[in-house]
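Below is one structure, written out as structure tokens, with a few remarks after it.
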Amino acid sequence: MTNFLFNIKNHYLRVAIAELVDEAMKAAGRPHYQFFQQWDAGSMAQADVIFTEMVAGEWYLCQDLFSMPRNNIRFLFSGQ
């Protein structure tokens, strides 16, 4: 089971990414996946792929967390 976590305020961007992921997973023959939008420690721990928006200040606050080796993939979007 692949878990995708979204923390994106823009509804249209979030839906577009979810549709792209859905098509890619179906094309790859991987029907077992879930989308989450609940941004908490439990969801982040279970996520295999994280899509999130951050501004520069937030990146610096989380830099240590994101530099630790993990088994998940992170996509960061800037609000600028």
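Residues in the sequence shown are numbered consecutively from 105, following the working numbering.
Using N, Cα and C, we set each Cβ at its ideal position, and we do this for glycine too.
Between the region 107-120 and the region 150-157, the count of C-beta pairs closer than 8 Å reaches three or more; the two stretches touch.
Separation of Leu124 and Pro135 (C-alpha to C-alpha, rounded to the nearest whole angstrom) is 14 Å. About 6 Å separates the CB atoms of Phe139 and Ala122; that is less than 8 Å, so the two are in contact. Rounded to the nearest angstrom, the Cβ distance from Tyr137 to Met129 is 5 Å, consistent with a contact under 8 Å.
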